[in-house]
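K.L.:
With the first letter of the sequence shown counted as 1, position 290 gets the number 304 in this note's numbering; the numbers rise by one all the way through. Idealized CB from N, CA, C, for every residue including glycine. Source: prediction; values computed, not measured. Below is the structure I would like to discuss, written out as structure tokens.
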Amino acid sequence: ATSQRPATPDTKIRRTTSHHPLPVTGTRTVLNSKASMASIGSKVVIAVSSAARNLGKSLDSMGASMEVAKYTERLVPSTRIVSVNSIAPTISPSATFIAPSANLIGDVSLGSNSSVWYGATIRGDGNKVSIGSRTNIGDRAVVHIAKIQGDFPTQIGNGVTVRAGAIVHAATLKDLCFVGEGAQVLDGSVVGSNSIIEAGAIVTPKTIVPDGEVWGGAPAKMVRKVTKEDIESITDSAEDMAELAALHAQECDKDYKQVNQDEEDYEDRVTRGDDYWQKDRDGPGDDVLGQGSPGRIFDNTLSHPEEGLKLKKK
């Protein structure tokens with residue numbers, strides 16, 4: 015036998031109290047009112063978001079009109095060109111390449127066919143930095159001036175190579191010289207033409223490096239005279255970097271659509287078998303029976319009847 019728990023007064027009340035649903039007409043009225051409230055809420059959200067977008071466009075347009083150094087937003091936006099005291103960098107229209115992560119700040123001039131590579135910083139925020147043509151400033155290199163302790167601008171000539179991580183601080187580099195990786199050329203120093211500063215060398219302030227010498231060490235001293243091969247390597251380095259800079263400039267100027275297309279084309283080249291039709295081979299041999307290239311259904315006379323008429327005239 016099973017025993018049942020006796021009913022308590024609360025249990026009796028719960029058992030005798032029943033839930034009476036609303037009439038059908040009342041339910042529809044409640045649902046309609048909720049739907050109308052949701053519709054009003056969505057309209058308010060749409061109106062507010064539209065107003066916010068319009069306000070954002072107005073603020074963006076106002077900010078663009080106030081900019082001193084204009085820039086065009088690319089795939090990787092950055093502050094490459096920065097003005098200081100209303101002085102913006104002067105860049106030759108034929109400058110080859112300025113990396114997205116490089117910075118040109120203040121009174122800086124960059125000559126034709128010159129390049130500034132990734133992470134490099136050129137600061138003319140108290141004095142002038144002048145860079146000639148066919149010169150390259152390597153990755154993470156720093157070019158700066160002096161104003162507080164001495165008044166030294168920075169002048170870099172034509173065909174100069176400043177390698178990665180080097181520092182040129184308030185110094186002068188004459189035409190066709192080479193500064194190696196991690197080297198430092200400090201305040202008031204002058205490096206002559208066709209001279210080489212070896213990697214890691216430190217040219218102390220106000221040092222004069224004559225033309226045609228190789229200097230190394232810390233502090234830097236003359237190691238030897240340059241050879242004919244050294245002079246040729248300086249020229250070749252400048253020319254090679256100019257060619258490489260043109261390639262990087264072309265890639266960095268691509269928008270997201272071009273980047274996606276390049277990725278798709280690469281994947282297609284990797285996965286497409288050699289014995290299968292290659293879409294990159296365009297020419298008269300791709301036409302089959304006047305219907306265009308295989309796999310290109312929009313090039314046939316069914317979708318373009320005028321192409322069929324052209325074939326008949328031939």
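(1) Residues in the same chain with beta-carbon distance under 6 angstroms from residue 155, minus the five sequence neighbours each way, listed in chain order, please.
(2) Please state the DSSP three-state secondary structure of residue 78.
(3) Going by DSSP, name the residue or residues bridged to residue 129.
(4) Counting beta carbon pairs with one atom in the stretch 224-241 and one in the stretch 152-170, are three or more of them shorter than 8 angstroms?
(5) So, helix, strand or coil for residue 124, using DSSP?
(6) With H, G and I counted as helix, E and B as strand and the rest as coil, what does DSSP make of residue 163?
(7) Let me know if residue 55 comes out buried or exposed under the rule of 16 or more other beta-carbons within 10 Å of its beta-carbon.
(8) Looking at C-alpha atoms only, which residue of 278, 80, 209 and 139 is the closest neighbour of residue 184?
(9) Tell me the residue span of the alpha helix (DSSP H) that contains residue 181.
(10) Determine the burial state of residue 58: buried for a count of at least 16 other Cβ atoms within 10 Å of its Cβ, exposed for fewer.
(11) What does DSSP give as the partner residue(s) for residue 344 in the beta ladder?
(12) Nearest to residue 232 by alpha carbon, out of 217, 257 and 246?
(13) Within the same chain, show all residues whose beta-carbon is closer than 7 angstroms to that of residue 106, passing over the 5 residues directly before and after it, in chain order.
(14) Rounding to the nearest angstrom, what Cα-Cα distance links residue 97 and residue 278 in this structure?
(15) Taking the alpha helix (DSSP H) that residue 245 falls in, what are its first and last residues?
(16) What number of angstroms, rounded off, separates the C-alpha of residue 113 from the C-alpha of residue 53?
(17) Output needed for residue 203: all residues of its chain with C-beta closer than 6 angstroms, excluding positions within five of it in sequence on either side, in chain order.
(18) Sorted by chain position, which residues of the same chain lie with C-beta nearer than 8 angstroms to residue 27's C-beta, five sequence neighbours on each side aside?
(19) Have a look at 260, 192 and 207 and flag the residue whose alpha-carbon is nearest the alpha-carbon of residue 214.
(20) How would you label residue 148, buried or exposed, when you count the other beta carbons within 10 angstroms and need 16 or more for buried?
(21) Start and end of the beta strand (DSSP E) containing residue 195?
(22) In angstroms, rounded to a whole number, what distance separates the CA positions of residue 36 and residue 71?
(23) To the nearest whole angstrom, what separates the beta carbons of residue 207 and residue 223, a pair I think is in contact under 8 angstroms?
(24) In angstroms, rounded to a whole number, what distance separates the CA positions of residue 188 and residue 94?
(25) In or out: residue 324 buried (at least 16 other Cβ within 10 Å) or exposed?
(26) Per the DSSP calculation, residue 235 is bridged to which residue(s)?
(27) Counting only the same chain and skipping the five closest in sequence on each side, list residues whose C-beta sits under 8 angstroms from that of residue 141.
(28) In the DSSP assignment, find the beta strand (DSSP E) that holds residue 157 and state where it starts and stops.
P.N.:
This is what the structure gives:
(1) Reading the sequence shown from its first residue, position 141 is the one you call residue 155. Excluding residues within five positions, the ones whose Cβ falls inside 6 angstroms are 134, 176 and 180.
(2) Locating residue 78 in the sequence shown gives position 64, where the first residue counts as 1. Here residue 78 sits in helix by DSSP.
(3) The sequence position of residue 129 within the sequence shown is 115, counting from 1. Paired residues: 111 and 150.
(4) no
(5) By 1-based counting over the sequence shown, the position of residue 124 is 110. Reduced to three states, the DSSP call for residue 124 is strand.
(6) Walking along the sequence shown from the start, residue 163 turns up at place 149. In the structure shown, residue 163 sits in coil (DSSP, three-state: anything other than H, G, I, E or B).
(7) Taking the first residue of the sequence shown as position 1, residue 55 is located at position 41. Exposed: under 16 other Cβ atoms inside 10 Å.
(8) Working through the sequence shown from its first residue, we reach residue 184 at position 170. Here the closest residue by C-alpha is 139.
(9) Mapped onto the sequence shown, residue 181 falls at position 167. First-last for residue 181: 181-183, but that is the beta strand (DSSP E), not the alpha helix (DSSP H).
(10) As a working mapping, residue 58 is identified with position 44 in the sequence shown. Exposed.
(11) Only positions 15 to 328 of the chain appear in the structure, and residue 344 is not among them; the question remains open.
(12) If you number the sequence shown from 1, residue 232 lands on position 218. Measuring from the Cα of residue 232, the nearest candidate turns out to be 217.
(13) As a first step, residue 106 must be located in the sequence shown, where it is residue number 92. Around residue 106: 124, 125 and 126.
(14) Taking the sequence shown and counting its residues from 1, the one referred to as residue 97 is at position 83. Taking the sequence shown and counting its residues from 1, the one referred to as residue 278 is at position 264. Straight-line Cα distance between these residues: approximately 39 angstroms.
(15) Within the sequence shown, residue 245 is the residue found at index 231, counting from 1. Unbroken alpha helix (DSSP H) run through residue 245: 242-266.
(16) In the sequence shown, the residue the question calls residue 113 occupies position 99. In the sequence shown, the residue the question calls residue 53 occupies position 39. If I take the Cα positions, the gap works out to 50 angstroms.
(17) Looking up residue 203 in the sequence shown gives position 189. So the qualifying residues of the chain are 185, 217 and 221.
(18) Residue numbering aside, residue 27 sits at position 13 when the sequence shown is read from its first letter. Interpretation of residue 27 is limited by its pLDDT of 42, a score under 50 that renders its predicted location unreliable; the figure taken from the coordinates is listed afterwards. Answer for residue 27: no residue qualifies.
(19) Position 200 of the sequence shown, counted from the first residue, corresponds to residue 214. The option with the nearest alpha carbon to residue 214 is 192.
(20) Looking up residue 148 in the sequence shown gives position 134. Buried, because 16 or more other Cβ atoms sit within 10 Å of the Cβ of residue 148.
(21) For the purposes of this step, residue 195 is identified with residue 181 of the sequence shown, where counting begins at 1. No beta strand (DSSP E) holds residue 195; DSSP gives it neither H nor E.
(22) By one-based count along the sequence shown, residue 36 stands at place 22. By one-based count along the sequence shown, residue 71 stands at place 57. Low per-residue confidence applies at residue 36: pLDDT is 49, beneath 50, and the placement is therefore not dependable, though the value from the model is reported in the following sentence. If you take the alpha carbons of residue 36 and residue 71, they lie about 51 angstroms apart.
(23) On the sequence shown, residue 207 is found 193 positions in, with the first residue counted as 1. On the sequence shown, residue 223 is found 209 positions in, with the first residue counted as 1. Not really, about 10 angstroms apart at Cβ, beyond 8 angstroms.
(24) In the sequence shown, residue 188 corresponds to position 174, counting from 1. In the sequence shown, residue 94 corresponds to position 80, counting from 1. Using only the alpha carbons, I get a separation of about 26 angstroms.
(25) Translated into the one-based positions of the sequence shown, residue 324 becomes position 310. With fewer than 16 Cβ atoms within 10 Å of its Cβ, residue 324 is classed as exposed.
(26) Counted from its first residue, the sequence shown places residue 235 at position 221. In the DSSP output, where bridge partners are listed per residue, residue 235 has 230.
(27) Within the sequence shown, the letter at position 127 stands for residue 141. Same-chain partners within the cutoff: 121, 159, 160, 161, 165, 166, 167, 168 and 184.
(28) Numbered from its first residue, the sequence shown carries residue 157 at position 143. Unbroken beta strand (DSSP E) run through residue 157: 156-158.
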